[in-house]
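If you read the sequence shown in this note's numbering, its first letter stands for residue 116, the second for the next number, and so on.
For every residue, glycine included, the Cβ atom is placed at its ideal position computed from N, Cα and C.
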Amino acid sequence: MRCPGQDWRYWKGGVAFEIPCPRCNSPVEFFKDENTQRCRACGHRFANPKKSLECAQWCAYAEECTGAAASGPVDAESGFASGLVLAVEKAFPEDPRQAEALLIFQHAKQLLAEAGADPRCVLAAAILLPFVRSEPEACLAGTQAAGRLTEILRNTGLEEHAIQQVWTLLRSWPTPARLDTADSRILRDADRLARMTCETGAQRQRALGPAQAGWETETARNRARLLFDQ
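Following this line, the structure appears as structure tokens:
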């Protein structure tokens, strides 16, 4: 018998979707059950940001499907991350800002090795950043825009203190006196990587610089070299 999660008869909605490539920004098609996919435009292989392996904690097919027995260890952030992506898609259907949000989100996910970072706060701030940046009133407590984003965070199961941390990250963004925390450094580097993804080769090289200057985390510096220093 096939795992129900991989049987299309049990799937709701579309069976495939597109995600922007974190190297070249070209659309890459994923099926719901695919772990990774390769970009046809540039050859870069990357993980499916919507894939959640929470089912591996209880499913009888877990070992066959993922290599981990039921109740075995799974990525603690995978369920939260996939839920966050789906919540944003539901709140902002057909919104062109989704592409930028997914790019920043994907890069942030790869930078979470930075010591002291809170993965859930970083990922939440990363995926909401384009919506705050394009709507300054979203940073104002009590506004409809702020309430909408806060509701997204609550729907993903974030505690109130964590929601406040996310807002601290987002509200510090346009001000000169920036935060200097592991979370804020990752967020700024993820945003820079996302912007470079959308630039031309020449623009990227100017942004990279001969000494890979300007990165706030070593992980981001190495990722930029891997993705763009051709």
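Determine whether the beta carbon atoms of residue i and residue j lie at a separation below 8 Å.
i, j, result
"arginine 212", "phenylalanine 161", "no"
"alanine 239", "valine 200", "no"
"alanine 309", "leucine 218", "yes"
"alanine 260", "glutamate 252", "yes"
Under 6 Å Cβ to Cβ from residue i, same chain only, skipping five residues before and after it: list those, please.
i, result
"methionine 116", "Any reading at methionine 116 is ruled out, since the residue's pLDDT is 43, under 50, leaving its predicted position unreliable."
"alanine 355", "Not covered by the structure: residue 355. The range shown for the chain is 116 to 345."
"threonine 151", "Arg160, Ala162"
"alanine 214", "Pro135"
"threonine 258", "Glu252"
"alanine 156", "Cys139, Ser141"
"glutamate 133", "Pro142, Glu144"
Once the 5 residues before and after residue i are set aside, which same chain residues still bring their CB inside 8 Å of it?
i, result
"serine 287", "Arg293, Leu294, Ser299"
"cysteine 154", "Cys136, Arg138, Cys139, Ser141, Val143, Arg160, Phe161"
"arginine 338", "His222, Gln225, Leu226, Leu308"
"tryptophan 330", "Asp304, Arg307, Arg336, Ala339"
Quick test of your reading: residue i and residue j, contact by CB under 8 Å. State the CB separation rounded to the nearest angstrom.
i, j, result
"lysine 165", "serine 197", "5 Å"
"cysteine 254", "leucine 284", "That pair is no contact at about 11 Å."
"alanine 202", "threonine 312", "Incorrect: roughly 23 Å between the Cβ atoms, too far for contact."
"isoleucine 267", "alanine 206", "5 Å"
Return the chain-ordered list of same chain residues with a C-beta closer than 7 Å to the C-beta of residue i, the five sequence neighbours on each side being excluded.
i, result
"threonine 332", "Leu226, Glu229, Arg300, Ile301, Asp304"
"serine 249", "Arg212"
"alanine 335", "Leu226, Asp304, Leu308"
"leucine 341", "none"
"aspartate 362", "The displayed coordinates of the chain run from 116 to 345. Any statement about residue 362 would go beyond what the structure contains."
"threonine 265", "Ile278"
Are the C-beta atoms of residue i and some chain B residue less than 8 Å apart?
i, result
"glutamate 149", "Given the protein chain composition of this structure (a single chain), no chain B is represented."
Segments of 4+ residues assigned as alpha helix (DSSP H) that fall wholly inside the stretch 244-323
259-270, 275-286, 297-312, 316-323
Which runs of the beta strand (DSSP E) at least 3 residues long sit entirely within the stretch 193-244? Give them in chain order.
none
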